[in-house]
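Under numbering that gives the first Met the number 0, the residues of the first sequence are numbered 0 to 797, in order. Just so it is clear, CB atoms sit at the ideal spot from N, CA and C, and this is done for glycine as well. See structure below.
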Amino acid sequence: MRYDFKQIEEKWQNKWESEKAFEVKIDKSKPKYYALVEFPYPSGAGLHVGHPRSYTAVDIIARKRRMQGYNVLFPMGWDAFGLPTENYAIKHKIHPRIVTKQNIARFTSQLKALGLSFDWSREIDTTDPSYYKWTQWIFLQLYKHGLAYKKEMAVNWCTSCKVVLANEEVVNGSCERCHSEVVRKVKSQWMLKITEYADRLIDDLETVDYIERVKLAEINWIGRSYGAEVDFATSAGDKLRVYTTRPDTLFGSTYMVISPEHPFIEEWKEKLNNYNDIISYREEAAKKSEFERTELAKDKTGVKLDGVSAVNPVTGKEIPIFVSDYVLITYGTGAIMAVPAHDTRDYEFAKKFDLPIVEVVSGGDITNEAYTDIENGTMVNSDFLNGLSVNDAKKKITEYLEEKGLGTPKTNYKLRDWVFSRQRYWGEPVPLVNCDKCGWVPIPESELPLMLPDVESYEPTDTGESPLANMAEWVNTTCPCCGGSAKRETDIMPQWAGSSWYFLRYCDPHNDKELASKEALDYWMPVDWYNGGMEHATLHMLYSRFWSKFLYDINVINYSEPYLKRTSQGMILGEDSEKMSKSRGNVVNPDDIIDEYGSDTLRLYEMFIGDFEKTATWSSQSIKGAKRFLERFAGLSDMLLEKTSPEIEKAFHRTLKKVTGDIEEMKFNTAIAAMMALTNDIYAEGGLDREYLGFFTRMLAPFAPHICEEMWEKLGFEGFVSHAKYPEYIEELTKVSEVDIAVQVNGKLKGVVKMATGSSEEEVYAEAERSGKLAVAEGKTIVKRIYIQDKIINIVVK
RNA sequence: GCGGAUGUGGCGGAAUUGGUAGACGCGCUGGUCUUAGGAACCAGUUCAUUUCGAGUGCAGGUUCAAUUCCUGUCAUCCGCACCA
Numbered sequence: 000m001r002y003d004f005k006q007i008e009e010k011w012q013n014k015w016e017s018e019k020a021f022e023v024k025i026d027k028s029k030p031k032y033y034a035l036v037e038f039p040y041p042s043g044a045g046l047h048v049g050h051p052r053s054y055t056a057v058d059i060i061a062r063k064r065r066m067q068g069y070n071v072l073f074p075m076g077w078d079a080f081g082l083p084t085e086n087y088a089i090k091h092k093i094h095p096r097i098v099t100k101q102n103i104a105r106f107t108s109q110l111k112a113l114g115l116s117f118d119w120s121r122e123i124d125t126t127d128p129s130y131y132k133w134t135q136w137i138f139l140q141l142y143k144h145g146l147a148y149k150k151e152m153a154v155n156w157c158t159s160c161k162v163v164l165a166n167e168e169v170v171n172g173s174c175e176r177c178h179s180e181v182v183r184k185v186k187s188q189w190m191l192k193i194t195e196y197a198d199r200l201i202d203d204l205e206t207v208d209y210i211e212r213v214k215l216a217e218i219n220w221i222g223r224s225y226g227a228e229v230d231f232a233t234s235a236g237d238k239l240r241v242y243t244t245r246p247d248t249l250f251g252s253t254y255m256v257i258s259p260e261h262p263f264i265e266e267w268k269e270k271l272n273n274y275n276d277i278i279s280y281r282e283e284a285a286k287k288s289e290f291e292r293t294e295l296a297k298d299k300t301g302v303k304l305d306g307v308s309a310v311n312p313v314t315g316k317e318i319p320i321f322v323s324d325y326v327l328i329t330y331g332t333g334a335i336m337a338v339p340a341h342d343t344r345d346y347e348f349a350k351k352f353d354l355p356i357v358e359v360v361s362g363g364d365i366t367n368e369a370y371t372d373i374e375n376g377t378m379v380n381s382d383f384l385n386g387l388s389v390n391d392a393k394k395k396i397t398e399y400l401e402e403k404g405l406g407t408p409k410t411n412y413k414l415r416d417w418v419f420s421r422q423r424y425w426g427e428p429v430p431l432v433n434c435d436k437c438g439w440v441p442i443p444e445s446e447l448p449l450m451l452p453d454v455e456s457y458e459p460t461d462t463g464e465s466p467l468a469n470m471a472e473w474v475n476t477t478c479p480c481c482g483g484s485a486k487r488e489t490d491i492m493p494q495w496a497g498s499s500w501y502f503l504r505y506c507d508p509h510n511d512k513e514l515a516s517k518e519a520l521d522y523w524m525p526v527d528w529y530n531g532g533m534e535h536a537t538l539h540m541l542y543s544r545f546w547s548k549f550l551y552d553i554n555v556i557n558y559s560e561p562y563l564k565r566t567s568q569g570m571i572l573g574e575d576s577e578k579m580s581k582s583r584g585n586v587v588n589p590d591d592i593i594d595e596y597g598s599d600t601l602r603l604y605e606m607f608i609g610d611f612e613k614t615a616t617w618s619s620q621s622i623k624g625a626k627r628f629l630e631r632f633a634g635l636s637d638m639l640l641e642k643t644s645p646e647i648e649k650a651f652h653r654t655l656k657k658v659t660g661d662i663e664e665m666k667f668n669t670a671i672a673a674m675m676a677l678t679n680d681i682y683a684e685g686g687l688d689r690e691y692l693g694f695f696t697r698m699l700a701p702f703a704p705h706i707c708e709e710m711w712e713k714l715g716f717e718g719f720v721s722h723a724k725y726p727e728y729i730e731e732l733t734k735v736s737e738v739d740i741a742v743q744v745n746g747k748l749k750g751v752v753k754m755a756t757g758s759s760e761e762e763v764y765a766e767a768e769r770s771g772k773l774a775v776a777e778g779k780t781i782v783k784r785i786y787i788q789d790k791i792i793n794i795v796v797k
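Here's what the structure looks like:
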């Protein structure tokens, strides 16, 4: 068979499309399988070679399941709201809607050229009003259940994008997207109470099959810690409450620190002799950007409160209070008890301000550094805790504090509520109005979707208001509650909104009554296998799990975990081993590769490039190997024999066993290697019969579907190979009849002997001796003989 | 600092309930065919060597046997980062 990939790929892509080969309907007679990849953001740059790595991998799984008789849902869509489109639109004076349309068209043709078995009839677009109607609907349910609230707060403000960022979107003090400086800005923002789900978001990870690093990233991000809140009496009369994970070290607390933003500073204004110094310190701290605060982390600064002090509740000693920016107002109570002997930050601070350091856990050397080991060490200088282990002391002191009314056990989280407002144009409008009389009022669900209005100018404003705010006609409305005049919320939702539930919409994408029918959700959900980028572990994964749990709580879906299995692909680097970027000029465009080698080769190469989960470097040389393999496969149709040899027959079953298992473990590289080896064996043998070539075609079809359809047709088999039955191996035929057994003397290899599988130790030894492999051992005493069935025989001599 | 990895030929990578290190591919070398080949096919390709050997970042250890287990150490990458 001649391998004209251009003609073959076009032919089969057209056939799949015209015959709706991959469209699915609910069919309760078959087991369902929901395979999912992250829907892309249709950027102006077009598809990147990183996209096909993830998509091809899941396509292989979807195709295999389909051939195995599952009813497979494998959908695709567009996460199309977002800043880059809006920025492009502003720059080129084209409406974002039009830019989005163009980008989607380009992405669609690129994806179709890859031969992915998506059900395109279920395509969704987050910017389509019939889609975002339901994004808004979910927001309203969150609002009605008290999980959305507006709050005046300091937020992360990107100076370039002119928009608020969620904590998850700030990387090293700069904007995740444009890398510009992020400053703190006080603004009134819509917030979602993701923190209310913190425990479930951690605990339910035990019920799902995610790769470990994804679970860990989520757990670390949520940052649950167990400790206690303790009240310290102050000379001002009120009690200063702190949070600590080390209540056991209470006897070693020699001073306290409050955050510069702590409300007590204002309350104690009259009593503080150095109030002005404290205020100027606070102003200095506020001026520091996130970046500076991180950079200067090592160098502790602070001011001692003059006029107010505290009392350690267990030692009864008077201790000073400092204000320092190493204590964050956003975590715990914004105040800490400092235990310099057993906390590295407190230790540094104490050294700098020459404060007493009292050892309460023995085991370290506190003249050099803080001793923070909680597993070892015994309590000292701690009255009734002396002699206890750290863990026992924690328990005992917590009970003591509760009993005396000095403190209570407390769990804290690093996770913050989700900042849900964005001051831009290209996003879902928040469906609420503000009425002077009634306050915030949701618009009636019957009025959804609240359409994003067309505006003349959608440039972001420096005032921090959304461009929508200038549209008086849109903003001014009537209150759904009292009928009086009211104003619409002009902030929009973040890009993460639409992607937080899209997998539900795929189940029933054209439904205009509900976000998806109960029947469809019950049949298709949950997602069986979801693959996507590591960068979403703390963003999209947490957000969408949160929304799913909420929708479960209000009985919209019947699974509280949306994804049963989550895997993650490694990045593809440029040929220079650097991240692909326009500025480096090392970007590989999939279109060029498909044009030169075809999409089957691209697919195969990306799967062969290395361990799927690890970073891989693109090589324009190595891709040739994938092409050669496909050509050799095509060439098999000219090598048809009457009968396949028994050796090749066995090789087939062995290879299929390997390929089948490797696909499940996403070890595509070794699966392909096995099929290459099989091909080499067939060439060496001179050919194979039609049935076995059909077998090979079905085995290879999930990886290289176009060439396999062509081969399938050429061999005269019926229908699409994509719908053919996946081959099954016969265990008996996977066993080899002869094995090479290594012969070792004192653990050193001396040669191999060919033996029948299952030979006894005596037989192997006799053969080893006969063949002279044990010559070096002659005349020496055999101390020991070790035989591992079908693998090795080792003679230990003296 | 905390957390997660990774280190194997010229290159990408195989092989870990300890059992022939280098599968498969790229590149390279030689050959066949060809007007030609940067096409295809066949053979070879860890290093060193006359042989004995040596070899999975480095140094030790356990074992008949270590890429795999243990101790120490170096290097690189990724995530989080003053979270009390």
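Checklist entry - From what residue to what residue does the alpha helix (DSSP H) around cysteine 801 run? => result Since the displayed the chain opens at 0 and closes at 797, residue 801 lies outside it and no answer follows.
Item to check | For arginine 105: DSSP bridge partner residues | outcome: Here residue 105 is taken as the residue at index 106 of the first sequence, counted from 1. Answer is none; arginine 105 lacks a bridge partner.
Checklist entry - Is the Cβ-Cβ distance between proline 525 and tyrosine 131 less than 8 Å? => result Within the first sequence, the letter at position 526 stands for residue 525. Within the first sequence, the letter at position 132 stands for residue 131. The Cβ atoms of proline 525 and tyrosine 131 do not sit closer than 8 Å to each other.
Checklist entry - According to the Cβ coordinates, are phenylalanine 106 and proline 39 closer than 8 Å? => result In the first sequence, residue 106 corresponds to position 107, counting from 1. In the first sequence, residue 39 corresponds to position 40, counting from 1. In this structure, proline 39 lies closer than 8 Å to phenylalanine 106 by Cβ.
Checklist entry - Just how far apart, CA to CA, sit tyrosine 542 and serine 499? => result Translated into positions along the first sequence, residue 542 becomes position 543. Translated into positions along the first sequence, residue 499 becomes position 500. Rounded to whole angstroms, tyrosine 542 to serine 499 spans 6 Å at the Cα level.
Next on the checklist: Looking at tyrosine 209: is its Cβ nearer than 8 Å to the Cβ of aspartate 527?
Outcome noted: By one-based count along the first sequence, residue 209 stands at place 210. By one-based count along the first sequence, residue 527 stands at place 528. Contact flag unset, no.
Checklist entry - When the Cα of asparagine 557 is compared with those of Glu518, Lys299, Lys772, Met570, which residue comes out closest? => result Working through the first sequence from its first residue, we reach residue 557 at position 558. For asparagine 557, the closest alpha carbon among the candidates Glu518, Lys299, Lys772, Met570 is that of Glu518.
Next on the checklist: Which runs of the beta strand (DSSP E) at least 3 residues long sit entirely within the segment 134-161? Give them in chain order.
Outcome noted: 147-157
Checklist entry - Any idea what DSSP makes of tryptophan 439, helix, strand or coil? => result Taking the first sequence and counting its residues from 1, the one referred to as residue 439 is at position 440. Three-state DSSP puts tryptophan 439 in a strand.
Checklist entry - Going by other Cβ atoms of all chains shown within 10 Å of its Cβ, with 16 needed for buried, is glutamate 18 buried or exposed? => result Position 19 of the first sequence, counted from the start, is the residue given in the question as residue 18. Exposed, because fewer than 16 other Cβ atoms sit within 10 Å of the Cβ of glutamate 18.
Next on the checklist: Quick check on tyrosine 529: does DSSP put it in helix, strand or coil?
Outcome noted: For the purposes of this step, residue 529 is identified with residue 530 of the first sequence, where counting begins at 1. DSSP, read as helix, strand or coil, puts tyrosine 529 in strand.
Checklist entry - Which term fits glutamine 135, buried or exposed, when burial requires 16 or more other beta carbons within 10 angstroms of its beta carbon? => result Working through the first sequence from its first residue, we reach residue 135 at position 136. Flag for glutamine 135 reads buried.
Item to check | Euclidean distance between Cα positions of tryptophan 495 and lysine 184 | outcome: For the purposes of this step, residue 495 is taken as the residue at position 496 of the first sequence. For the purposes of this step, residue 184 is taken as the residue at position 185 of the first sequence. Between tryptophan 495 and lysine 184, the C-alpha separation is close to 21 Å.
Next on the checklist: If you reduce the DSSP assignment to three classes, tell me which class asparagine 653 lands in.
Outcome noted: As a working note, residue 653 is residue 654 in the first sequence. This sequence places arginine at residue 653; asparagine is not what is there. If DSSP states are grouped into helix, strand and coil, arginine 653 belongs with the helices.
Item to check | Contact check, isoleucine 794 vs leucine 773, beta carbons under 8 Å | outcome: By one-based count along the first sequence, residue 794 stands at place 795. By one-based count along the first sequence, residue 773 stands at place 774. Going by C-beta atoms, isoleucine 794 is nearer than 8 Å to leucine 773.
Item to check | Close Cβ partners of methionine 255 (< 8 Å) along its chain, the five nearest in sequence each way excluded | outcome: Along the first sequence, one-based indexing puts residue 255 at 256. For methionine 255, where only same-chain residues beyond five positions count, the Cβ hits under 8 Å are Phe231, Leu239, Val241, Ala309, Ile318, Pro319, Ile320, Phe321, Ala334, Ile335, Met336, Ala337.
Item to check | Beta-bridge pairing of isoleucine 571 - partner residues as DSSP gives them | outcome: Taking the first residue of the first sequence as position 1, residue 571 is located at position 572. Paired residue(s): Ala615.
Next on the checklist: Could you tell me the alpha carbon to alpha carbon distance between glycine 569 and tyrosine 54, rounded to whole angstroms?
Outcome noted: Walking along the first sequence from the start, residue 569 turns up at place 570. Walking along the first sequence from the start, residue 54 turns up at place 55. Whole-angstrom Cα-Cα distance: 13 Å.
Next on the checklist: Contact between the segment 542-551 and the segment 190-203 is defined here as three or more beta-carbon pairs at a separation below 8 Å; is this criterion met?
Outcome noted: yes
Checklist entry - So who's on the other strand from threonine 407, going by DSSP bridges? => result Here residue 407 refers to the residue found at position 408 when the first sequence is read from its first residue. DSSP, once it has assigned bridges, lists Glu228 as partnering threonine 407.
Checklist entry - Name the DSSP bridge partner or partners of tryptophan 267? => result As a position in the first sequence, residue 267 is number 268, starting the count at 1. Paired residue(s): none; tryptophan 267 is not in a bridge.
Checklist entry - Could you give the uninterrupted runs of the beta strand (DSSP E) lying entirely in the segment 736-797, keeping only those of 3 residues or more? => result DSSP assignment within the segment 736-797 yields the following whole beta strand (DSSP E) runs of 3 residues or more, N-terminal first: 737-744, 747-755, 781-787, 791-796.
Item to check | Delimiting residues of the alpha helix (DSSP H) encompassing leucine 541 | outcome: Within the first sequence, the letter at position 542 stands for residue 541. From DSSP, the alpha helix (DSSP H) with leucine 541 extends over 539-552.
Checklist entry - Which residue from Ile277, Ile25, Ile59 puts its Cα closest to that of leucine 35? => result Reading the first sequence from its first residue, position 36 is the one you call residue 35. Comparing Cα positions, the closest option is Ile59.
Item to check | Assigned secondary structure, asparagine 375 (DSSP; H/G/I helix, E/B strand, else coil) | outcome: Against the first sequence, residue 375 aligns to sequence position 376. Looking at asparagine 375 - three-state DSSP - the assignment turns out to be coil, as it is neither helix nor strand.
Next on the checklist: For glutamate 180, tell me which candidate among Ser159, Ile787, Pro95 has the shortest Cα-Cα distance.
Outcome noted: Residue numbering aside, residue 180 sits at position 181 when the first sequence is read from its first letter. Comparing Cα-Cα distances from glutamate 180 to each of Ser159, Ile787, Pro95, the minimum goes to Ser159.
Checklist entry - Between lysine 656 and phenylalanine 4, what straight-line distance do the alpha-carbon atoms span, to the nearest angstrom? => result Along the first sequence, read from residue 1 onward, the residue named residue 656 stands at position 657. Along the first sequence, read from residue 1 onward, the residue named residue 4 stands at position 5. The alpha-carbon atoms of lysine 656 and phenylalanine 4 are separated by roughly 28 Å.
Checklist entry - What's the gap between the Cα of lysine 10 and the Cα of tryptophan 617? => result Residue mapping note: residue 10 aligns to position 11 of the first sequence, counting from 1. Residue mapping note: residue 617 aligns to position 618 of the first sequence, counting from 1. Going by the C-alpha atoms only, they are around 29 Å apart.
Next on the checklist: Can you find the residues in the same chain that come closer than 8 Å, C-beta to C-beta, to leucine 714, ignoring five residues on each side of it along the sequence?
Outcome noted: By one-based count along the first sequence, residue 714 stands at place 715. Excluding five sequence positions before and after leucine 714, the CB atoms of its chain that fall closer than 8 Å to its own CB belong to Ser636, Arg689, Leu692, Gly693, Thr696, given in chain order.
Item to check | Beta-carbon proximity list for tyrosine 728, same chain, < 6 Å, skipping 5 on both sides | outcome: As a first step, residue 728 must be located in the first sequence, where it is residue number 729. The residues are His652, Leu655, Lys656.
Item to check | Assumed close pair valine 359, methionine 378 - CB separation to whole angstroms, cut-off 8 Å | outcome: Walking along the first sequence from the start, residue 359 turns up at place 360. Walking along the first sequence from the start, residue 378 turns up at place 379. The pair is a contact, with the Cβ atoms about 6 Å apart (cut-off 8 Å).
Checklist entry - By a C-beta neighbour count over all protein chains shown, 10 Å radius and 16 as the cutoff for buried, is serine 580 buried or exposed? => result Taking the first residue of the first sequence as 1, we reach residue 580 at position 581. By the neighbour-count criterion, in which 16 or more other beta carbons inside 10 Å mark a residue as buried, serine 580 falls on the exposed side.
Next on the checklist: According to DSSP, proline 319 sits in a beta bridge with which residue or residues?
Outcome noted: In the first sequence, counting from the first residue as 1, residue 319 sits at position 320. Paired residue(s): Ser308.
Next on the checklist: Let's see if you can read the secondary structure: which residues bound the beta strand (DSSP E) around asparagine 70?
Outcome noted: Here residue 70 refers to the residue found at position 71 when the first sequence is read from its first residue. Unbroken beta strand (DSSP E) run through asparagine 70: 70-72.
Checklist entry - Taking the DSSP output, what are the residues bridged to leucine 35? => result Here residue 35 is taken as the residue at index 36 of the first sequence, counted from 1. Paired residue(s): Tyr529.
Next on the checklist: I'd like to check one pair, lysine 161 with threonine 460: are the Cβ atoms closer than 8 Å?
Outcome noted: As a position in the first sequence, residue 460 is number 461, starting the count at 1. As a position in the first sequence, residue 161 is number 162, starting the count at 1. Yes, the pair counts as a contact, with Cβ atoms nearer than the cut-off.
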